[in-house]
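Written out below as structure tokens is the structure these notes cover.
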Amino acid sequence: MSQHVNGVIARAKGAPVEVVTIVVPDPGPGEALVKVEACGVCHTDLHYREGGINDEFPFLLGHEAAGTVEAVGEGVTDVAPGDFVILNWRAVCGECRACKRGEPQYCFATHNATQRMTLEDGTELSPALGIGAFCEKTLVAAGQCTKVDSSAPATAAGLLGCGVMAGVGAAINTGGVKRGQSIAVIGCGGVGAAAIAGARIVGAAKIIAIDFDDRKLGLAEEFGATHTINSKDLDLDGVVAAVQDLTGGFGADVVVEAVGRPETYQQAFYARDLAGTVVLVGVPNPEMTLELPLIDVFGRGGALKSSWYGDCLPSRDFPLLIDLFQQGRFPLDKFVTETIGIGDVEAAFDKMHRGEVLRSVVTLP
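Numbering (the working numbering), first residue to last: 17 to 381.
Okay, structure coming up:
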């Protein structure tokens, strides 16, 4: 029997979000019904509201979530009712060319629940990243549920579902930063701060945080930055020179660009050492273009990479990071700036715009 619960939708491009009644069906084959306990407010949710992802309105927003499995459909064996899980948007298929070559973190056929949640009038909803977790209960593919230790607070654990994992993975999985190396992170919001925390986990020797907001640079130091650069009054050459000054004149081994703009990508490109690695994890908009001298792309060598979800494998990475958090080695809870109610999402978007929070987290009864 379907259930009626409260959830947050974006009905039209740019319109304020609304709390409405959502109809959630019972899980079918391969699906799981999850009682959501907490869900972070991510920039991606705002991109959905603004029509920056696609135009399949109305959207059921929210995706950085943790909660408890309430029911599962036929054929589900990896999770069971009562399991505490983090939701993810990479339910690997096991059959595509990436999975078959042993690289499921690059699965090209990730999937979501087959059934759709709806409004009371039957209008089908498009769940953000196939999750839709600004909702008391949500229906997902069972593979989108990753079981972790239930003693972890849902408010912190859920953030691994997107932004924190994207940042940590950009530094460790995509960038491959190693013990003793140098890394620079451009943009120190939630994703950038997570990249800094990830670099600290693996023992990077020099971790350089770059932003034009002193508040964010202060937080970056708390997450492990060894040096900070305020780029407010610096042009491309100024940022590059500042990084080189901190790295013996060479540039950083790895540079993570967590903004998603052409000008900051250029900073990242030139601030890396020869044969170094640039990782783009900031999300650009479709109108942005990038121009670089091709001779510089050739002459500097190294690697230019994009990081999709931090190249993570949830079944591998989520439990590991929860364990590190519980050991006091990964400050996951520091990403939670405030906890809010389900009716406060629109105000949280405003705070995010003003750079006042790393993460507002919706808690659900």
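Beta carbons are placed, not taken as given, at the ideal position from N, Cα and C, and that holds for glycine.
- Task: Please classify G179: does DSSP put it in a helix, a strand, or coil?
- Result: Three-state result, G179: helix.
- Close beta carbons around C115, own chain, < 7 Å, minus the five adjacent residues each side: V108, C109, C123
- Query: Under the DSSP definition of a beta bridge, which residues are partnered with T355?
  - Reply: V377
- Query: If we call anything under 8 Å between Cβ atoms a contact, is A129 one with A157?
  - Reply: yes
- Taking C-beta to C-beta, are I38 and W105 nearer than 8 Å? no
- Message: So the candidates are G292, R195, A182, R288; which of them puts its Cα closest to the Cα of L337?
- Response: A182
- Between M133 and E152, what straight-line distance do the alpha-carbon atoms span, to the nearest angstrom? Between M133 and E152, the C-alpha separation is close to 12 Å.
- Item | Backbone CA spacing between S323 and A186 [nearest angstrom] | 6 Å
- Task: Identify the continuous alpha helix (DSSP H) that holds T280 and give its terminal residues.
- Result: For T280, the uninterrupted alpha helix (DSSP H) segment begins and ends at 278-287.
- Message: Using 8 Å for Cβ pairs, my map puts V233 next to T244. What's the rounded Cβ distance?
- Response: Position check: residue 233 holds Leu in this sequence, whereas Val was assumed. The Cβ separation is near 4 Å, so the contact holds.
- Cβ pair count under 8 Å reaching 3, the region 268-278 against the region 191-198: yes
- Task: Let me know if I202 comes out buried or exposed under the rule of 16 or more other beta-carbons within 10 Å of its beta-carbon.
- Result: buried
- Message: Assuming the contact rule is C-beta atoms closer than 8 Å, K321 and T293 should be a hit. Round their C-beta distance to whole Å, please.
- Response: That belief holds up - the Cβ atoms of K321 and T293 are roughly 6 Å apart, short of 8 Å.
- Message: In chain order, what are the residue ranges of uninterrupted beta strand (DSSP E) at least 3 long that sit wholly in the region 302-362?
- Response: 319-322, 354-356
- Message: Among D366, G179, A28, S198, whose alpha-carbon lies nearest the alpha-carbon of G205?
- Response: For the options D366, G179, A28, S198, the alpha carbon positioned closest to that of G205 is the one of G179.
- Can you tell which of F285, R316, V255, D229 has its C-alpha closest to the C-alpha of R370? D229
- So is R113 in contact with chain C if we call contact Cβ pairs under 8 Å? Note that chain C does not occur in the displayed structure, where there is just one protein chain.
- Query: Taking just the CA atoms, how far does C55 sit from Q283?
  - Reply: 33 Å
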